[in-house]
Ligand code: CUA
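Residue numbers (my numbering): 4 to 184.
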């Protein structure tokens, strides 16, 4: 077969490197795709818009409604606001091995939401609600952090996630918030 790059390049060595770099790009792109599918990594959420300057006036993201809620099917929904420089509420408590849906909105700029060693990772883009579905198979305390540079306090923008035994149920964010203050 005739090398299609012969039309743009006469040099054998150069054409070989064109092929090598193309193949490398495809192999790496393919690996990223495979890894994303295998680890159940999601792109940043469904396209659901919200007015970031009026979060406190919305029903879902008003301060009193933030935190962990148990759904009728036993799964959990966690509503959070990311704002410079923290996540609210700052401590989230969820039961182990239970489907958890995070719904996160930014009150100001672009933030990230990432629980290391899990598939819970998303960008929190102002104007959109970010949604992540996950479950935590191991009990313990996890830190989760902002992984998008959002300003001088970015380094200290992190929060705590406590995965508790199932029987303990959820004590909701309010008690967690109380413990933290
Ligand atoms: Cu928020 Cu970095």
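In this text, a Cβ means the ideal position worked out from N, Cα and C, and glycines have one as well.
Source: prediction; values computed, not measured.
I need the DSSP call for residue i, collapsed to helix, strand or coil.
| i | result |
| --- | --- |
| residue 168 | coil |
| residue 55 | helix |
| residue 96 | strand |
| residue 36 | helix |
| residue 29 | helix |
| residue 24 | helix |
| residue 159 | helix |
| residue 261 | Residue 261 is absent from the structure shown; the chain starts at 4 and stops at 184. |
| residue 12 | coil |
| residue 5 | coil |
| residue 19 | helix |
| residue 63 | coil |
In this structure, what does DSSP give as the bridge partners for residue i?
| i | result |
| --- | --- |
| residue 122 | For residue 122, which the question treats as bridged, DSSP gives no partner whatsoever. |
| residue 85 | 90 and 109 |
| residue 136 | 104 |
| residue 79 | 73 and 103 |
| residue 115 | 126 |
| residue 3 | The requested residue 3 is not part of the displayed model; the chain covers only 4 to 184. |
May I ask which residues mark the beginning and end of the beta strand (DSSP E) holding residue i?
| i | result |
| --- | --- |
| residue 145 | 143 to 148 |
Measure the beta-carbon distance from residue i to residue j and round it to whole angstroms, keeping in mind my assumption that it falls under 8 Å.
| i | j | result |
| --- | --- | --- |
| residue 109 | residue 85 | 5 Å |
| residue 23 | residue 8 | The pair is not a contact, with the Cβ atoms about 12 Å apart (cut-off 8 Å). |
| residue 2 | residue 106 | A query on residue 2 cannot be resolved here, the shown segment of the chain reaching from 4 to 184 and no further. |
| residue 64 | residue 82 | 7 Å |
| residue 130 | residue 87 | The Cβ separation is near 16 Å, so there is no contact. |
| residue 153 | residue 128 | Not confirmed; about 12 Å, so no contact. |
How about residue i: is its Cβ closer than 7 Å to a heavy atom in the ligand PLP?
| i | result |
| --- | --- |
| residue 114 | The ligand PLP is not part of the structure shown, which contains the ligand CUA as its ligands. |
Notebook entry, point to check: Looking at C-beta atoms only, is the number of pairs between the region 149 to 160 and the region 114 to 125 that lie closer than 8 Å three or more?
Noted result: Note that the region 149 to 160 touches the region 114 to 125; at least 3 beta-carbon pairs, one per stretch, sit closer than 8 Å.
- Task: Pair every Cβ in the region 76 to 83 with every Cβ in the region 52 to 60, then say whether three or more of these pairs are closer than 8 Å.
- Result: Proximity of the region 76 to 83 to the region 52 to 60 falls short of the contact definition, fewer than three beta-carbon pairs being nearer than 8 Å.
Quick one: any contact between the region 154 to 173 and the region 89 to 100, if contact means 3 or more CB pairs under 8 Å?
Touching, per the Cβ criterion.
Exercise for review: Could you tell me whether the region 127 to 144 touches the region 98 to 107, using the rule of 3 or more Cβ pairs below 8 Å?
Suggested key: Result yes; three or more Cβ-Cβ pairs closer than 8 Å.
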